[in-house]
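Here's the structure, in structure tokens; my notes come after.
In the numbering used here, the protein residues as written are 908 to 1099.
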């Protein structure tokens, strides 16, 4: 523990064989201390080399296979800076709402929807495409998914209402009341 009460973890760098200290933050600290670029570079840039990421991405399309052929509305609640849920739902969902608690993550999501992301999702898309047995190129997968994302929402699962505000939304797009009501019903049993 450091003098701020935060746990630190030593991480060995295989390339340099040196150690550095990375702080582990509490959930509330993520609102202003989380670095989405470092997170994406660490876990998603080489998704095909990361066993844990391969497992997550392998099972996600299989789980979604059991959904109806067409799903009207999907909410990716607490997406972080990631877009793999819209990618795997691009051919099932009519509209997708993505969300996160941290402003920095919502900005990353918005930049991806607006096709100005600095992170290259090609490897993740390629892995998903392989799992789906699809010939769709990563750029087409992303364009299809982007077209389905209607809004990026600010959320806080520790408060009611969970949806706090609309960070970004497509012109003439409304947030379905059912999305707000459903989240309230599910979480009211947990929070109260």
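Heads up, the beta-carbon is just placed ideally off N, CA and C, and yes, glycines get one too. If you're wondering where the values come from, they're calculated on a predicted model, not measured in any experiment.
For residue j and residue i, the rounded distance between their alpha carbons
i, j, result
"residue 943", "residue 1027", "13 Å"
"residue 953", "residue 1030", "7 Å"
"residue 1036", "residue 1002", "21 Å"
"residue 946", "residue 1040", "28 Å"
"residue 1079", "residue 1004", "14 Å"
"residue 1044", "residue 963", "21 Å"
"residue 971", "residue 1050", "20 Å"
"residue 1032", "residue 1015", "17 Å"
Which of helix, strand or coil DSSP assigns to residue i
i, result
"residue 938", "helix"
"residue 1028", "coil"
"residue 984", "coil"
"residue 1007", "strand"
"residue 1040", "coil"
"residue 1082", "coil"
"residue 974", "coil"
Cβ-Cβ distance between residue i and residue j below 8 Å
i, j, result
"residue 993", "residue 1007", "no"
"residue 997", "residue 960", "no"
"residue 980", "residue 1086", "yes"
"residue 985", "residue 1064", "yes"
"residue 1017", "residue 937", "no"
8 Å CB neighbourhood of residue i in its chain, flanking five on each side removed
i, result
"residue 924", "In this prediction, residue 924 scores a pLDDT of 34, lower than 50, which makes its location untrustworthy; no coordinate-derived value is stated."
Spatial neighbours of residue i in its chain, beta-carbon cut-off 7 Å, leaving aside the 5 residues before and after
i, result
"residue 1000", "978, 981, 1055"
Beta-carbon contacts of residue i that lie in its chain and below 6 Å, excluding the five residues immediately before and after
i, result
"residue 1013", "1007, 1059, 1074"
Exercise for the section: Spell out a yes or no on whether the segment 960-980 and the segment 1013-1025 are touching, meaning 3 or more CB-CB pairs, one atom from each, closer than 8 Å. Expected result: Counting Cβ pairs under 8 Å, fewer than three are found: no touch.
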